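Trainee: Please see the structure below; I have some questions.
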Amino acid sequence: MKNLIHKPRGCVSCGVYPHTFRRIVLHRTHAVPQNEQTAGYSNGVIPVRKEQNDILFRKVWGFTLIEMIVSLGVFSVALLISISAILSVSAAQKKAVALQNAEDNFRFAFEAIAKEIRTGRDFFCDDVAPPPGYVPKDCATGERLLTFQNARGQTISYEYESNSGRLQKTVDRLSTTFLTSGLVHINDFKFYVVGTGAATADLRQPRVTMLLKGTAGVSEAEQVTLRLQTTVSQRRLDN
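For the sequence shown, the tail end lands on 260 under my numbering, and the numbers increase by one without skipping.
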């Protein structure tokens with residue numbers, strides 16, 4: 022770059038002369054031409070060109086109100102979709118857990134009952150427990166209680182308790198335990214028994230059919246309903 026020595030005009034009447042001071046001005050590529058620096062200006066002030074003025078007063082644009090509203094709207098829609106997806110996944114997870122709990126509870130109850138029925142004898146089906154020394158009894162229409170003798174000679178009773186919605190087991194009319202947990206609710210359970218008479222009378226092996234309808238889940242949206250049925254026959258040959 023080239024340095025220019027600018028000689029400002031002095032004031033003769035006030036005793037200030039041009040040779041008493043000098044100023045070094047850095048010449049820029051966009052500097053005002055020499056003939057424009059002092060022409061028409063008696064006080065020696067150099068005018069600012071248009072290019073320099075644009076740099077100093079350049080407009081900086083921001084967001085308008087409409088743009089802000091549109092941006093917030095788009096962000097709100099995206100956020101709503103994300104939250105809905107998260108809630109859907111959470112509900113599906115809770116429903117899957119409820120279904121797993123129901124399957125585990127009902128499968129355990131069915132397997133425990135079926136195992137003892139298979140090795141049992143003298144089946145009695147009714148809505149009340151039989152007296153000691155009972156006579157085996159069929160129930161083709163279905164009842165909520167089944168009593169029989171297991172392989173160890175114990176009197177076993179399986180009963181559907183409608184008030185609590187659970188299955189309970191009683192051994193020798195003394196100890197009672199629940200087969201299902203409180204996480205599931207049995208809406209309906211029935212035993213169907215056929216073939217308990219003498220073999221010469223009905224020509225059939227004793228057979229027990231269990232029919233269950235139950236639900237699991239806390240809220241209605243999470244609840245799942247299962248319907249299960251199985252049939253077990255007495256392994257011991259009927260006399």
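Note that beta-carbon positions come from the ideal geometry of N, C-alpha and C, so glycine has one too. As the structure is a prediction and not an experimental result, all values here were calculated from the model.
1) Please report the residue range of the alpha helix (DSSP H) in which residue 226 lies.
2) Quick check: the Cα distance between residue 230 and residue 115, rounded to an integer number of angstroms?
3) DSSP state of residue 235, grouped into three classes?
4) Hey, which unbroken runs of the beta strand (DSSP E) at 3 residues or more fall wholly within the segment 121–203?
5) So, using beta-carbon positions, are residue 227 and residue 216 closer together than 8 angstroms?
6) Whole angstroms is fine: what's the gap from residue 102's alpha carbon to residue 203's?
7) Contact criterion: CB-CB distance below 8 angstroms. Does residue 194 meet it with respect to chain D?
8) Note down, in chain order, each residue of its chain lying with its Cβ closer than 8 angstroms to the Cβ of residue 193, except the 5 sequence neighbours on either side.
9) Quick test of your reading: residue 249 and residue 127, contact by CB under 8 angstroms. State the CB separation rounded to the nearest angstrom.
10) Taking all protein chains shown into account, do 16 or more other C-beta atoms lie within 10 angstroms of the C-beta of residue 94, making it buried, or fewer, making it exposed?
11) Quick one, which of 133, 88, 87 has its alpha-carbon nearest residue 178's?
12) Is the distance from the Cβ of residue 200 to the Cβ of residue 135 below 8 angstroms?
13) Spell out the partners DSSP gives residue 290 in its beta bridges.
Mentor: Concretely, from the data shown:
1) Element bounds for residue 226: n/a, residue is neither H nor E.
2) 32 angstroms
3) strand
4) 142–147, 160–164, 166–170, 176–182, 187–192, 196–199
5) yes
6) 36 angstroms
7) Of the chains in the structure shown, none is chain D; there is only one protein chain.
8) 175, 176
9) 6 angstroms
10) exposed
11) 133
12) no
13) As shown, the chain starts at 22 and ends at 260. That puts residue 290 outside it, with no answer to give.
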